[in-house]
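Engineer:
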Amino acid sequence: MDILEVRNLCKRYPAFELKNVSFSLEEGKITGFIGRNGAGKTTTLKSIFNFVHPDGGEIRFFGKSFSENELDIKQKVGFLSGGVDYYPKKMLKTITSITKSFYREWDEKAYEEYMKMWDLDEEKTPSQLSAGMRVKYALALALSHRAKLLILDEPTSGLDPVSRDELLDVLMELCGRGVTVLFSTHITSDLDKCADNILYIKGGRILAESDIR
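Quick note: the sequence shown, position 115, residue 123 per the working numbering, numbers continuous.
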């Protein structure tokens, strides 16, 4: 069973259109999603998770229709698009407390390990963190509720090389446990290290899909 199936996804804007985007993800694989800025990467990822309402197409997670099972599916999926920029004046521990209340399988031990690995201080607020540290915190939240699928939009953007390597190591370890990852990036060296498959989008269309391992 494919973890994620996207069929003929469409989204129309006045100056841009996603055109029948289709692909699927296998369990335990890392898929890199590449394309120039404005090619449709972020629109695709947000449409998949209904942050942007698509104009057409079918999306299935774990064999189930997303539109009919959205709440249950979101328990099993971690989504990241940039760093945490909400509640800029609240301490991280407060934001974490709010976030984990939404998840039935929150893993406090994993959360603490990620916070320690990335030197994140729960007494600080997002406004006191650099852009890279906000991304790390967002990743700690996304990785701590035992998600079966991670959808990550430019997760390494703003990270220093050491932190980027740490993240890629974490993703490969998770895939070894059966977690599936879809992440967009413009840093091709990330793909060389960890990706099993590549999706290439241009002008709102998927132009290529290939295995690289």
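For every residue, glycine included, the Cβ atom is placed at its ideal position computed from N, Cα and C.
In the structure shown, what three-state DSSP assignment does Thr-188 receive?
Structural biologist: strand
Engineer: Consult DSSP for Ala-47 and reduce its assignment to one of helix, strand or coil.
Structural biologist: DSSP places Ala-47 in coil when its eight states are reduced to three.
Engineer: Using a Cβ-Cβ cutoff of less than 8 Å, which residues in the same chain neighbour Asn-77 once the five nearest sequence positions on both sides are dropped?
Structural biologist: Closer than 8 Å at Cβ, skipping near neighbours: Phe-69.
Engineer: Measure the beta-carbon distance from Leu-175 to Leu-88 and round it to whole angstroms, keeping in mind my assumption that it falls under 8 Å.
Structural biologist: That belief does not hold up - the Cβ atoms of Leu-175 and Leu-88 are roughly 11 Å apart, past 8 Å.
Engineer: Would you mind working out which of Thr-107, Lys-49 and Asp-173 sits nearest His-153, comparing C-alpha positions?
Structural biologist: Thr-107
Engineer: Would the segment 176–195 and the segment 60–75 be scored as touching if the rule is three or more Cβ pairs under 8 Å?
Structural biologist: no
Engineer: Please tell me whether Thr-193 and Ile-42 are closer than 8 Å, where the distance is taken between their beta carbons.
Structural biologist: A Cβ-Cβ contact shorter than 8 Å links Thr-193 with Ile-42.
Engineer: For the alpha helix (DSSP H) containing Asp-200, list its first residue and its last residue.
Structural biologist: According to the DSSP assignment, Asp-200 belongs to the alpha helix (DSSP H) that extends over 196–202.
Engineer: Along the chain, where does the beta strand (DSSP E) containing Glu-25 start, and where does it finish?
Structural biologist: 24–33
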